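Following: one structure in structure tokens, then a few remarks.
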Amino acid sequence: MALEIVTVPCLSDNYAFIAHDPATGATAVVDVPETSPILNALRDRGWKASHILITHHHADHVDGVKALAAATGAKVVGAAADANRLPSLDIAVAEGDVVRIGIEEARVMEVPGHTVGHVAYHFPVAAVAFTGDTLMALGCGRVFEGTMEQMWTSLSRLAALPPQTLICSGHEYTLTNGRFALTIEPDNPELVKRVEAVRVAREQGRPTVPSTLAEELATNPFLRAGEPAIKRTLKMEGASDAEVFAEIRRRKDRF
């Protein structure tokens with residue numbers, strides 16, 4: 001049986017995720033912006049958190065970790081490289097490490113850029129990746145601590161996962177991201193269609209996260225920096241993909 005994934009809205013525009021292994025009852029919570037919505041979601045399903053997986057140190061992803069761990073006894077997992085900025089860790093992980101949630105295994109991917117210690121968790125059998133603020137629906141996180149080159153490398157690694165992978169990212173920014181994406185690739189029919197679907201979903205109060213990697217590869221400008229049409233639009237035909245990505249990210253920062 002595959003992991004059951006629950007998207008939990010938190011704060012004003014954050015998401016936490018619950019990943020439940022029905023075979024064993026093991027349950028991971030990925031990022032904890034606040035505690036009560038997650039506890040309510042667990043209680044409604046009769047689940048108990050066994051692990052808390054942290055993607056990065058920003059307060060809107062970790063503020064509820066201590067309280068959730070105290071309430072559930074869950075083991076806290078996060079990047080060894082960022083342990084000094086994270087809540088107290090029970091399991092410190094690095095690139096290539098494996099975290100077992102019941103019979104499911106997550107591979108740890110170091111994906112710096114948004115922060116230098118950002119990690120993602122990829123469950124290859126369940127075909128799901130928790131990408132925090134690195135790869136987002138129709139977007140990517142701001143490059144706060146790392147470099148543009150690091151962020152492009154991180155996004156390229158995530159883009160190389162199987163296209164059916166479910167991408168669970170940390171925020172409900174999709175509509176704004178989509179509006180920006182249309183300034184980069186206005187003639188992409190898949191993008192036009194997706195932005196309209198996102199608009200309808202938000203009007204109905206439905207989350208637009210998670211998405212599939214296939215959707216992101218077809219519509220997310222930050223993964224499409226190598227597309228000749230985008231390079232022509234930006235008048236950067238001779239530039240590297242990384243340089244084009246950096247220009248797109250700078251434009252989004254000003255959008």
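Residue numbers (the UniProt record's numbering): 1 to 255. Idealized CB from N, CA, C, for every residue including glycine. Owing to the predicted nature of the structure, the values given are computational and were not obtained by experimental measurement.
| request: For T72, count neighbouring Cβ atoms within 10 angstroms of its own Cβ and tell me buried if that reaches 16, exposed if not. | output: On the sequence shown, residue 72 is found 72 positions in, with the first residue counted as 1. With 16 or more neighbouring CB atoms inside 10 Å of its own CB, T72 falls in the buried class.
| Burial state of A59 (16 or more Cβ within 10 Å) | Mapped onto the sequence shown, residue 59 falls at position 59. Looking at its Cβ environment, which holds fewer than 16 other Cβ atoms inside 10 Å, A59 is exposed.
| request: May I have the straight-line CA-CA distance separating G25 from N220, to the nearest angstrom? | output: On the sequence shown, position 25 is the one that residue 25 refers to. On the sequence shown, position 220 is the one that residue 220 refers to. Computed Cα separation, rounded: 35 Å.
| message | For the beta strand (DSSP E) containing T7, name the first residue and the last one. | response | As a working note, residue 7 is residue 7 in the sequence shown. DSSP places T7 in the uninterrupted beta strand (DSSP E) bounded by E4 to C10.
| query | Under the three-state reduction of DSSP, which class applies to A81: helix, strand or coil? | reply | Sequence index remark: in the sequence shown, residue 81 carries index 81 (1-based). DSSP places A81 in helix when its eight states are reduced to three.
| Does the beta-carbon distance from L53 to Y121 come in below 8 Å? | Position 53 of the sequence shown holds residue 53. Position 121 of the sequence shown holds residue 121. It is a contact, given that the beta carbons lie within the stated cut-off.
| task | Measure how close the beta-carbons of T115 and H57 come, nearest whole angstrom, since I'm counting them as under 8 Å. | result | Locating residue 115 in the sequence shown gives position 115, counting from the first residue. Locating residue 57 in the sequence shown gives position 57, counting from the first residue. T115 to H57, Cβ: 6 Å. Contact.
| field | Nonlocal neighbours in the same chain, by C-beta distance under 6 Å from D97, ignoring five residues either side | value | Counted from its first residue, the sequence shown places residue 97 at position 97. Annotation for D97: V108 place their beta carbon closer than 6 Å to its own, counting only its chain and skipping 5 residues before and after.
| query | What are the residues that DSSP puts in a beta bridge with F17? | reply | Position 17 of the sequence shown, counted from the start, is the residue given in the question as residue 17. Note: F17 sits in a beta bridge opposite T7 and V30.
| said: Using 8 Å for Cβ pairs, my map puts G64 next to P33. What's the rounded Cβ distance? | reply: Taking the sequence shown and counting its residues from 1, the one referred to as residue 64 is at position 64. Taking the sequence shown and counting its residues from 1, the one referred to as residue 33 is at position 33. Right, the Cβ-Cβ distance comes to about 6 Å (below 8 Å), so this counts as a contact.
| query | Do you know offhand how far D133's Cα is from A160's? | reply | For this step, residue 133 is matched to residue 133 along the sequence shown. For this step, residue 160 is matched to residue 160 along the sequence shown. For D133 and A160, the gap between their C-alpha atoms comes out near 18 Å.
| query | Do the stretch 164 to 179 and the stretch 197 to 205 meet, that is, are 3 or more Cβ pairs less than 8 Å apart? | reply | By the C-beta criterion, the stretch 164 to 179 is judged to be in contact with the stretch 197 to 205, since at least 3 inter-stretch pairs fall below 8 Å.
| field | Where the beta strand (DSSP E) through G132 begins and ends | value | What you label residue 132 is simply residue 132 of the sequence shown in a count that begins at 1. Counting along the chain, the beta strand (DSSP E) containing G132 begins and ends at V128 to G132.
| alpha helix (DSSP H) runs wholly inside the stretch 150 to 223, at least 4 long, in chain order | If we require 4 residues or more, the alpha helix (DSSP H) runs fully inside the stretch 150 to 223 come out as 174 to 184, 189 to 203 and 213 to 219.
| Tell me the DSSP bridge mates of residue 257? | Not covered by the structure: residue 257. The range shown for the chain is 1 to 255.
| Unbroken beta strand (DSSP E) runs of length 3 or more, entirely within the stretch 43 to 88: which are they? | The stretch 43 to 88 contains these whole beta strand (DSSP E) runs: 51 to 53 and 75 to 79.
| In whole angstroms, what separates the C-alpha of K231 from that of I248? | In the sequence shown, counting from the first residue as 1, residue 231 sits at position 231. In the sequence shown, counting from the first residue as 1, residue 248 sits at position 248. Near 10 Å, if we compare the C-alpha coordinates of I248 and K231.
| said: Give me the DSSP bridge partner(s) of M136. | reply: In the sequence shown, residue 136 corresponds to position 136, counting from 1. DSSP output for M136 lists G139 as bridge partner(s).
| Which of helix, strand or coil DSSP assigns to A92 | Locating residue 92 in the sequence shown gives position 92, where the first residue counts as 1. Assignment of A92 by DSSP, reduced to helix, strand and coil, places it in the strand class.
| Are A127 and P87 close, meaning C-beta to C-beta below 8 Å? | Numbered from 1 along the sequence shown, position 127 holds the residue referred to as residue 127. Numbered from 1 along the sequence shown, position 87 holds the residue referred to as residue 87. Contact: no.
| query | Which value, in whole angstroms, describes the spacing of the CA atoms of D253 and E105? | reply | What you label residue 253 is simply residue 253 of the sequence shown in a count that begins at 1. What you label residue 105 is simply residue 105 of the sequence shown in a count that begins at 1. Straight-line Cα distance between these residues: approximately 36 Å.
| field | Other residues of its chain near G117: CB distance less than 6 Å, five sequence neighbours each side excluded | value | Working through the sequence shown from its first residue, we reach residue 117 at position 117. A79, A81 and D82, listed in sequence order.
| Would G46 be called buried (16 or more neighbouring beta carbons within 10 Å of its own) or exposed? | Here residue 46 refers to the residue found at position 46 when the sequence shown is read from its first residue. By the C-beta density criterion, G46 is exposed, having fewer than 16 other C-beta atoms within 10 angstroms.
| field | Residue interval of the beta strand (DSSP E) (run including I103) | value | The residue given as residue 103 occupies position 103 in the sequence shown. Looking at the DSSP string, I103 is not in any beta strand (DSSP E), and its letter there is neither H nor E.
| task | Evaluate V125 with the Cβ neighbour count: other Cβ atoms within 10 Å of its Cβ, from every protein chain shown; 16 or more gives buried, anything less gives exposed. | result | Taking the first residue of the sequence shown as position 1, residue 125 is located at position 125. Label assigned to V125: exposed.
| said: Alpha carbons only, please: which of L182, R202, V209 and G205 is nearest the one belonging to R224? | reply: For the purposes of this step, residue 224 is taken as the residue at position 224 of the sequence shown. Looking at the Cα atoms, L182 is the closest of the given residues.
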